[in-house]
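Student: So that we are looking at the same thing, I have put the structure below in structure tokens.
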């Protein structure tokens, strides 16, 4: 989802690859790494294309938005699954 967020906010292919790599690297750095890895990866990907820091941070922000939307979607599906399980179990 973070890769799609980077793309939606005008990120390049390098930003999407950077966000994906940042996400994988962030897994080994705990909670801060998971949250900051995709952002930093997308920003570095954009900066490697000589984009301004403002443009790169916009793409990084899009990555964070995409990640938040993905987490919210997973949470909604999880709650729906628990609700359906409870409904089937009770009736």
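Numbering (this note's numbering), first residue to last: 418 to 508. Backbone N, C-alpha and C define an ideal beta-carbon position, used for all residues, glycine too. If you're wondering where the values come from, they're calculated on a predicted model, not measured in any experiment.
Which class does residue 446 belong to by DSSP, given the choice of helix, strand or coil?
Tutor: coil
Student: Return the chain-ordered list of same chain residues with a C-beta closer than 8 Å to the C-beta of residue 441, the five sequence neighbours on each side being excluded.
Tutor: 454
Student: For residue 428 versus residue 487, is the C-beta spacing smaller than 8 Å?
Tutor: No. Outside cutoff.
Student: If you count every other CB in all the chains shown that lies within 10 Å of the CB of residue 424, and 16 or more means buried, which is it?
Tutor: By the Cβ-count criterion, residue 424 is buried, with 16 or more other Cβ atoms from all chains shown falling within 10 Å of its own Cβ.
Student: Under DSSP, the alpha helix (DSSP H) around residue 414 begins and ends at which residues?
Tutor: The requested residue 414 does not occur in the structure, where the chain is confined to residues 418 to 508.
Student: With DSSP as the reference, label residue 465 as helix, strand or coil.
Tutor: coil
Student: For residue 466, which of 435, 421, 420 and 499 has the nearest alpha-carbon?
Tutor: 435
Student: Run through DSSP, which three-state label would residue 419 get?
Tutor: In the three-state scheme derived from DSSP, where H, G and I count as helix and E and B as strand, residue 419 is classed as helix.
Student: Got a sec? Which residues, its chain only, sit under 6 Å from residue 477 by beta carbon, not counting five neighbours each side?
Tutor: 456, 459 and 460
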